[in-house]
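See structure below.
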Amino acid sequence: MRRSSSNTVRALAAAALTVLALGVTAPAVAAPGGPVRGDAGGKAVTDTVETVPVTVDTSNQAGWWRPLDVVDGVSYFAFNAPASTASKHEVHLASRGADGTWTEGCLRSTAGGACVTFTDDNGHNQPSIVVDGDGVIHAFVSMHNEQWNVFRSSVPGDVTSLVEATSSMPDLDAAITYPVTARGPDGDAWVLVRVGTDAEGRREGRLYRYDLDTGVWDREAVVAAATGYSFYPDDLEVDADGRVHVLWEWGPFPADPARHLGSYATYDPSDGSFADVTGTALTGPITPTTPGSVVWRPFGAGEAIGSYTPALQTAKLALDGTELAGIVYRFVEADETAYDVRYTSWDGGAWNDESLIDASALGSGVSTVAAIDATSSGGVDRVYAVLAVQVCGENRSQVVRLERETVGTPWTARTVGTDQLGQQRLRAETVDGTDVLYLSAPLSETTRGTVRYAAIPRAASADTGGTSLQDIVSGLRGEASGKNVALGATVSVSSSLRADTGGALAVDGVCTDASRWISAVGDTAPTITAAWQTPTALAEIRVKSGYAGGVSTDSVLRDFTVEVRTGGAWVEVGRFDDNIAGTVTATVDGLVVDAVRLLITDPSASATDVARVFEIEAIAAPATESARNDDVPR
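Numbering (this note's numbering), first residue to last: 169 to 802.
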């Protein structure tokens with residue numbers, strides 16, 4: 169008889185808290201704009217988001233991964249951390265105790281050795297973890313069509329004790345990619361991977377299992393395989409009855425970023441059988457043409473396995489109890505570039521497909537990110553996704569929660585935490601009435617990133633309707649923050665590179681590479697001044713510089729000051745040295761202003777050392793605030 173994972177892990181998690189108490193506690197705050205909610209007893213509860221006190225590498229981004237596990241009140245986060253060598257990373261784990269204390273450790277070849285480093289490879293070399301029923305942490309890391317990289321904790325629940333355990337795996341000569349993990353109700357650990365059987369003209373999906381009783385990893389089954397196709401794991405869940413729910417996509421052999429034929433099946437380890445969503449038995453390995461209700465996104469008009477569009481990319485499943493609640497996925501229509509977010513569920517006779525986020529309908533420069541997840545409990549479905557907006561020289565993103573009370577009711581939208589610089593990636597897990605989220609923002613500090621922990625209670629919401637996706641996009645664009653009084657201002661500059669790069673382009677409201685003020689080569693201290701007719705109380709000045717898309721931090725303004733003219737005198741409100749951000753903000757704090765200027769002492773770090781300014785925005789203060797000319801910063 170197998171041991172109960174809840175009892176064994178509970179004791180081990182308590183022991184692990186002894187280690188956790190040595191760590192640090194991150195401040196937990198109610199998420200800005202997060203709804204106030206009521207639990208069953210009427211007590212108010214709120215969404216909580218906190219930044220984990222660690223440093224994240226820019227390579228900490230994937231769509232398929234599971235870098236999160238939660239066991240008896242302890243949350244485990246795995247992430248890529250910066251290494252001392254460029255284009256390399258270490259893999260670290262951090263655990264959050266029930267008291268909010270964080271502890272961090274790295275993966276080592278042997279106990280007491282140096283932290284192991286791996287090559288950066290976005291979308292491939294990222295970690296997945298699972299904690300087994302004895303509290304032992306298993307980490308699968310940084311594999312892109314190469315042999316296993318597996319680490320295991322020497323002490324249950326201790327993130328500082330992980331050492332290499334690759335030799336314990338079966339199929340040591342296999343070429344592994346995309347490990348997706350899960351834990352069963354008996355405490356066994358599972359991992360789903362793609363294996364590169366390239367000599368046979370295919371890359372297949374294999375399922376491996378760690379037996380808690382024997383302490384051994386074994387190959388459990390080949391889930392799916394077909395000549396000319398490549399298997400892409402999406403998600404893996406084990407329900408309370410021990411059935412394994414498997415979600416994947418097919419791509420052309422050997423690989424392609426655009427995938428097709430989203431598929432779902434269950435596996436019963438008690439007899440080694442597969443079944444489709446109706447419970448009908450399937451013959452394994454499953455192929456793209458296996459009869460039954462396996463494919464939830466069939467080929468559309470003009471679509472084939474090698475099509476770049478239409479196509480899907482990234483999917484996650486949600487269980488409500490032991491039943492499939494639904495599948496969230498990203499899909500791009502024919503001849504489009506932006507992936508939408510869609511949701512499909514089985515109604516007993518067919519797959520019902522819904523559009524949740526239509527990226528193109530939200531305006532130019534809007535996209536979704538390969539970062540989605542879904543949860544379900546008590547009939548309430550949730551989807552977590554990321555909206556990204558290109559704003560002048562940088563990309564900003566916002567995690568979004570979509571929710572519906574019952575099938576057939578409208579989905580409402582809410583934000584999770586604050587927007588971040590660059591794309592974000594995520595995973596979610598429901599534990600004890602709360603969705604625990606892992607939120608990675610690998611470019612939030614331009615050359616490094618952050619990871620945040622979020623706890624979103626599933627108690628009935630006390631707010632009404634949340635917000636709209638359009639309002640979220642407007643917030644990312646900065647459109648809701650106040651009037652830009654510098655728009656169309658009179659501009660004077662010290663120089664321009666060409667006639668078509670004049671200063672007026674810095675106040676035209678257009679954020680493209682073709683609409684920038686660019687100073688002349690040789691002007692080592694360029695200046696630009698924008699003035700308007702009516703003195704106005706300002707909240708802040710925003711300066712946006714560089715190239716569209718943030719292709720390099722070298723092109724942004726490096727050293728400069730921001731001054732405003734108030735009462736006929738120039739006052740400094742911001743100074744920026746060694747800047748690498750595409751957008752910077754200087755607080756004006758209600759001063760009545762009729763002009764702004766930039767005094768630049770180092771235009772950029774690029775070989776062509778010129779100033780490149782998309783926009784200078786002067787944002788009016790709210791009408792309810794009084795101007796304070798007597799409160800001049802000194």
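C-beta: ideal position from N, C-alpha, C; glycine also.
Fill in: D603, buried or exposed, once every other Cβ within 10 Å from all chains shown has been counted against 16
Sixteen is the threshold: when 16 or more other Cβ atoms of the shown chains lie within 10 Å of the Cβ of D603, as they do, the residue is buried.
Where does E804 fall in DSSP's three states?
Past the edges of the chain, shown from 169 to 802, lies residue 804, and the structure says nothing about it.
Label D799 either buried or exposed according to how many other C-beta atoms from any shown protein chain fall within 10 Å of its C-beta, with 16 as the threshold for buried. Low per-residue confidence applies at D799: pLDDT is 40, beneath 50, and the placement is therefore not dependable, though the value from the model is reported in the following sentence. The residue in question, D799, is exposed, as its Cβ has fewer than 16 Cβ neighbours within 10 Å.
Does the beta-carbon of K651 have 16 or more other beta-carbons within 10 angstroms, so that it is buried, or is it exposed?
With fewer than 16 other beta carbons inside 10 angstroms of its own, K651 counts as exposed.
- Message: Is the beta carbon of S523 closer than 8 Å to that of A493?
- Response: No.
*asked:* Spatial neighbours of G677 within its chain, please: C-beta separation below 6 Å, excluding the five flanking residues on both sides.
replied: L655.
- Counted within 10 angstroms of its Cβ, other Cβ atoms place P610 as buried (16 or more) or exposed: With 16 or more other Cβ atoms within 10 Å, it is buried.
Euclidean distance between Cα positions of G410 and P353: About 6 Å.
**OP:** Report yes if the C-beta distance between S431 and W418 is below 8 Å; otherwise report no.
**Re:** In this structure, the beta-carbon distance from S431 to W418 falls below 8 Å.
CA nearest to the CA of L485, picked from V689, E405, D757, A262: Checking every option, the nearest Cα to that of L485 belongs to E405.
Note to self: Can you tell me whether Q481 is buried or exposed? The criterion is at least 16 other CB atoms within 10 Å of its CB, across all chains shown.
What the structure shows: So Q481 counts as buried.
Residue of V331, G303, E471, A449 minimising C-alpha distance to V462
The shortest C-alpha separation from V462 is found at A449.
- Specify, as a first and last residue, the run of the alpha helix (DSSP H) that D639 falls within. Where D639 is concerned, the enclosing alpha helix (DSSP H) starts and stops at 637-645.
Practice item. Thinking T328 and T271 are a contact (beta carbons under 8 Å), I'd like their distance in whole angstroms, please. Key: With 8 Å as the limit, T328 and T271 qualify as a contact, their Cβ atoms being about 7 Å apart.
Here's the rule: buried if 16 or more other CB atoms are within 10 angstroms of the residue's CB, otherwise exposed. What is A716?
So A716 ends up on the buried side.
Please list, in chain order, all residues of the same chain as A199 whose beta carbon is under 6 Å from its beta carbon, the five residues on each side excluded. Note that A199 has pLDDT 47, beneath the 50 cutoff, so the model's placement of it is unreliable and no number is given.
- [ ] Please classify D541: is it buried, with 16 or more other beta-carbons within 10 angstroms of its beta-carbon, or exposed?
- [x] By the Cβ neighbour-count rule, D541 is buried, with 16 or more other Cβ atoms within 10 Å of its own.
Tell me which same chain residues have a C-beta within less than 7 Å of the C-beta of R666, skipping the five on either side of it? Closer than 7 Å at Cβ, skipping near neighbours: no residue.
Practice item. Please state if the CB of R620 and the CB of V557 are separated by a distance shorter than 8 Å. Key: No, the pair does not count as a contact, with Cβ atoms beyond the cut-off.
**Message:** Could you compute how far the alpha carbon of G460 sits from the alpha carbon of L330?
**Reply:** When only Cα atoms are considered, G460 and L330 end up about 43 Å apart.
- Using three-state DSSP, classify V862 as helix, strand or coil. Outside the shown range of the chain, which is 169 to 802, sits residue 862, and nothing can be said about it.
(message) Is it buried or exposed, E491, if we count other Cβ atoms within 10 angstroms and call 16 or more buried?
(response) Taking all protein chains shown into account, E491 has fewer than 16 neighbouring C-beta atoms within 10 Å of its C-beta and is therefore exposed.
Under three-state DSSP, which class holds A431? The sequence as given places Ser at residue 431; Ala does not occur at that position. Strand, per DSSP.
Determine which residues share a DSSP beta bridge with W416 and list them. For W416, the pairing in a beta bridge is given by DSSP as P401, S431.
If you compare alpha carbons, which of F728, S441, L759, E708 is closest to I696?
If we check each option's Cα against that of I696, F728 comes out closest.
inquiry  = For C560 and T721, I'd like the C-alpha separation in whole angstroms.
reply    = Near 14 Å, if we compare the C-alpha coordinates of T721 and C560.
Check your understanding: Just to confirm, are G634 and T580 a CB contact at a threshold of 8 Å?
Key -> With respect to T580, G634 sits close: the two C-beta atoms are nearer than 8 Å.
May I ask which residues mark the beginning and end of the beta strand (DSSP E) holding G373? Its beta strand (DSSP E) spans residues 372-379.
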